[in-house]
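*Asks:*
Protein chains: 2
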Amino acid sequence: MADEEATTTDQQLRLFIERVERMEEEKKGVADDIRDVYSEAKSQGYDTKTMRELIKLRKMAANDRQEREMLLETYKAAIGLV
Amino acid sequence: MADEEATTTDQQLRLFIERVERMEEEKKGVADDIRDVYSEAKSQGYDTKTMRELIKLRKMAANDRQEREMLLETYKAAIGLV
Chain A
0 MADEEATTTD QQLRLFIERV ERMEEEKKGV ADDIRDVYSE AKSQGYDTKT MRELIKLRKM
60 AANDRQEREM LLETYKAAIG LV
Chain B
0 MADEEATTTD QQLRLFIERV ERMEEEKKGV ADDIRDVYSE AKSQGYDTKT MRELIKLRKM
60 AANDRQEREM LLETYKAAIG LV
């Protein structure tokens, strides 16, 4: 009975590991796709370093906006403004 | 005409940026999913640090195997063994 239990646990661990590995593969696939887009842009004459910088700036702006919205929501909730 | 050309180029750059941003979002989504799996595993009593170590070891083993296979293929091709 203990053996059977251990096997179930081993099996569960294996499933967790395999799930993560599949997702890591998926993430790697997307990362490769991103690299391909940069390659394509580069082949069309775009400077990819500047593009990466641009994306970083847009992301920062988006985060700032989200933070401001979240703060506003928090303050609105605090004073019961719905 | 020059204006129109500039607009097309601007549009193309915008499309490249948006494609990368969508993919970055996708990558972030997968990364979040991976974190969720680790959380689930942790809640079932697994040590996630050890799990990460295990995945690293399996990956290294896989890379080694792939490298060995690639070398073998190269050497086989070199001596005309098909």
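Chains as they are written, first to last, in numbering that gives the first Met the number 0: chain A, 0 to 81; chain B, 0 to 81. Heads up, the beta-carbon is just placed ideally off N, CA and C, and yes, glycines get one too.
Is it buried or exposed for A/ILE33, if we count other Cβ within 10 angstroms and need 16 for buried?
*Replies:* Buried is the call here.
*Asks:* Please determine, among A/VAL81, A/GLY79, A/GLN11, the residue with the shortest C-alpha to C-alpha distance to B/THR42.
*Replies:* What sits at residue 42 of chain B in the sequence shown is Ser, not Thr. Among A/VAL81, A/GLY79, A/GLN11, the Cα nearest to that of B/SER42 is on A/GLN11.
*Asks:* Are B/ILE16 and A/LEU53 closer than 8 angstroms when you measure CB to CB?
*Replies:* Taking 8 angstroms as the Cβ cut-off, B/ILE16 and A/LEU53 qualify as a contacting pair.
*Asks:* Three or more beta-carbon pairs under 8 angstroms between the region 49-68 of chain A and the region 18-25 of chain B, yes or no?
*Replies:* Taking 8 angstroms as the limit for Cβ pairs, the verdict is that the region 18-25 of chain B does touch the region 49-68 of chain A.
*Asks:* Assign B/ALA40 to buried or exposed, taking buried as 16 or more other Cβ atoms, counted over all protein chains shown, within 10 Å of its Cβ.
*Replies:* Classification for B/ALA40: buried.
*Asks:* Measure how close the beta-carbons of B/ALA30 and A/LYS26 come, nearest whole angstrom, since I'm counting them as under 8 angstroms.
*Replies:* Confirmed, Cβ separation roughly 6 angstroms.
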